[in-house]
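Accompanying notes for the structure given below.
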Amino acid sequence: MKFFNRISYGLAIVIFLFHNVKGKPTSTAYDALTVKNCGKSLVSSNFPDRIVGGTFALPGQYPWMVSLREREDHGFEHVCGATILNKNWIVTAAHCIEYQSTRMYEVLVGLHKLSEEHASTVRKYKISRIVIHEDYDDETLVNDIALLKTLQPIDIAGSRGYINGVCLPQNTKDPSGYATVIGWGHTKEDGENSDTLKQVVVPIIPRKICNDMYDEDPDDEIDEILDTNICAGITGRDSCQNDSGGPLLQKDENGITTLIGVVSHGAGCGEKFYPGVYTKISMYQEWMTSVMNK
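According to mature numbering (1 follows the signal peptide of the UniProt record, and there is no 0), the stretch in the sequence shown is residues -23 to -1, 1 to 271, in order.
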């Protein structure tokens, strides 16, 4: 199996699902996990073509996007995407976390270009707590989800809209339709990172169809797509190395964005017949609540 992390194949995906949602969602107990004005962006999205050879996002278009950085000999280096939930917590993929020490990681928020980490919109935060799902399996990537708590609260209010938390699902229904992927990952397999945040539109693939597609994989890279997963992507439209952990999002008719998944794994980048696989957020909200309340 090709795991989409910094060592093998990382998916940096943020996905905006075009979904026909009417009116404002009903409040749930999960609202406490997010911020009051969650899911709002400075920029109205004009959905793009593809991240593998795709188009650039605009500054402030995805204010919940996070660059997760790991300590290297020369300093910190971008290894994965992640998503802001609220002023204290960020969600990413468990396979992005190679070390348990909080000193090994930092996050950048309000970032548009990897080379502009000192831009006026960017804030850097150290990590005070790492929580990997207790049933995470690093071979099958089941329960591929982790929460990071920042040492200092994320300054959402003072960010002029360049930093914000995303909303969370109101139910556990399987998503359908189209979605948008974003990230700083490779623009082609075994290529270089994109300096500027990029974006792509991909379809959501029903789980049964996704399982049938992977059953045809001669390399047997994926064992099974579970009800805790979401599949998305088609040939030539995918994300690539170095951005696992990024968000899969759904956008309603009012422009409010909800996190529905976390980029997990798959087979290569935009490979024929093999969609990307994501951790389904709605199946983990009780776990997230219990972690944040401890």
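Don't be surprised by glycine CBs; every beta carbon is placed ideally from N, CA and C.
Exercise for review: State the DSSP-derived secondary structure class of tryptophan 66, mapped to helix, strand or coil.
Suggested key: strand
Exercise for review: Please confirm whether tryptophan 41 and methionine 269 have their CB atoms less than 8 Å apart.
Suggested key: no
Review point. In chain order, what residues of the same chain have a beta carbon less than 7 Å from the beta carbon of glutamine 77, not counting five sequence neighbours either side?
Key: Beyond the five residues adjoining it in sequence on each side, glutamine 77 comes within less than 7 Å, by CB distance, of Ile107 in the same chain, given in chain order.
Check your understanding: Would the beta-carbon of threonine 234 fall within 8 Å of that of serine 44?
Key -> no
**Study point:** Which residues DSSP lists as bridging asparagine 206, in chain order
**Key:** Asparagine 206 pairs with Thr256.
Exercise for review: Count the CB pairs spanning the segment 182 to 191 and the segment 47 to 63 that are closer than 8 Å, and state whether there are at least three.
Suggested key: no
Check your understanding: Buried or exposed: serine 221, going by 16 or more other Cβ atoms within 10 Å of its Cβ?
Key -> buried
Exercise for review: Could you tell me the boundaries of the beta strand (DSSP E) in which lysine 175 lies?
Suggested key: 175 to 182
Review point. Cysteine 144 bridges to which residues according to DSSP?
Key: Thr235
Check your understanding: Cβ of serine 171 less than 8 Å from any chain B Cβ?
Key -> Protein chain content of the structure displayed is limited to a single chain, and chain B is not contained in it.
Point to revise | Beta-carbon gap between tryptophan 261 and valine 240 smaller than 8 Å | key: This sequence places tyrosine at residue 261; tryptophan is not what is there. For tyrosine 261 and valine 240, no; Cβs fall outside 8 Å.
**Study point:** Beta-carbon proximity check, cysteine 208 vs proline 252, cutoff 8 Å
**Key:** yes
Exercise for review: Kindly indicate which three-state DSSP category histidine 55 falls into: helix, strand or coil?
Suggested key: strand
Practice item. From the DSSP output, read off the bridge partner residues of alanine 123. Key: Thr69, Ile109
**Study point:** Assigned exposure category for glycine 160 - 16 Cβ within 10 Å defines buried
**Key:** buried
Point to revise | lysine 64 to asparagine 14 span [Cα, whole Å] | key: 12 Å
Check your understanding: Would you call proline 224 buried or exposed, if buried means 16 or more other Cβ atoms sit within 10 Å of its Cβ?
Key -> With 16 or more Cβ atoms within 10 Å of its Cβ, proline 224 is classed as buried.
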